[in-house]
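Colleague: By full-length UniProt numbering, the letter at position 50 of the sequence shown is numbered 50, and the numbering carries on one by one without gaps.
The structure under discussion is supplied below as structure tokens; questions concerning it will follow.
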Amino acid sequence: MTAEAKEKSCGAIVCKIQDGDIYTLVIRQNDGHWGFPKGHVEDQETEQETARREVREETGVKIRFIDGFREETHYSPRPGVQKDVVYFMANPDGGKLCAQEEEISELHWVRLVDAAALLTYDNDANLLRKAVRFLKETESEQTEAE
């Protein structure tokens with residue numbers, strides 16, 4: 001029995017409020033699938049350093065993390081490989097929206113409620129549901145504190 005190779009990536013669900021709606025940044029990889037920006041951990045990077053770098057490289061957007069959200073997804077991208085992906089939530093914090101042509105064919109801000117229909121993989125749709133739940137819980141906690 002051979003051990004599976006492990007890969008680790010990190011990324012972010014980047015959200016912003018515009019005209020009273022919440023929007024999230026989605027990317028279309030050159031292979032055609034839609035998801036969230038993410039990429040492999042390099043050298044001694046922390047998870048958040050990787051997520052910040054990958055979002056900036058793939059989209060041009062600088063980010064500021066939202067405390068309290070960290071979710072993992074796991075899948076096998078090819079036989080013999082187990083991939084773990086850690087996602088954070090973040091708000092845009094500058095930069096200019098610009099797709100990394102080597103990897104990304106399109107990127108868009110889409111309304112959070114419309115994003116699930118665009119995402120290619122169930123893992124990403126489940127992740128989006130967790131993000132929406134987190135935002136609702138955070139919003140209700142803030143309302144109760146006021």
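Glycine residues also receive a C-beta, built at the ideal position from the N, C-alpha and C atoms.
So, using beta-carbon positions, are G39 and E58 closer together than 9 Å?
Modeller: yes
Colleague: In or out: T50 buried (at least 16 other Cβ within 10 Å) or exposed?
Modeller: Residue burial annotation: T50 is buried, with at least 16 other C-beta atoms found within 10 angstroms of its C-beta.
Colleague: For N91, which residues does DSSP report across the bridge?
Modeller: R64
Colleague: Go ahead and pull the three-state DSSP assignment for V113.
Modeller: Look at V113 here: in three-state DSSP terms it is helix.
Colleague: Of the choices G20, A12, D19 and T24, whose alpha-carbon is the least far from that of R53?
Modeller: A12
Colleague: Going by the CB atoms, is the gap between A116 and I27 shorter than 9 Å?
Modeller: In this structure, A116 does not lie closer than 9 Å to I27 by Cβ.
Colleague: Please tell me whether N30 and E102 are closer than 9 Å, where the distance is taken between their beta carbons.
Modeller: Against a cut-off of 9 Å, the Cβ pair of E102 and N30 comes out as a contact.
Colleague: Could you check the C-alpha separation between Q48 and F88 for me, to the nearest Å?
Modeller: 8 Å
Colleague: If you reduce the DSSP assignment to three classes, tell me which class F70 lands in.
Modeller: Note that residue 70 is Arg in the sequence shown, not Phe. Here R70 sits in strand by DSSP.
Colleague: Assign residue 181 to one of three DSSP states: helix, strand, or coil.
Modeller: For residue 181 there is no data in the structure shown, the boundaries of the chain being 1 and 146.
Colleague: According to DSSP, is E7 part of a helix, a strand, or is it coil?
Modeller: strand
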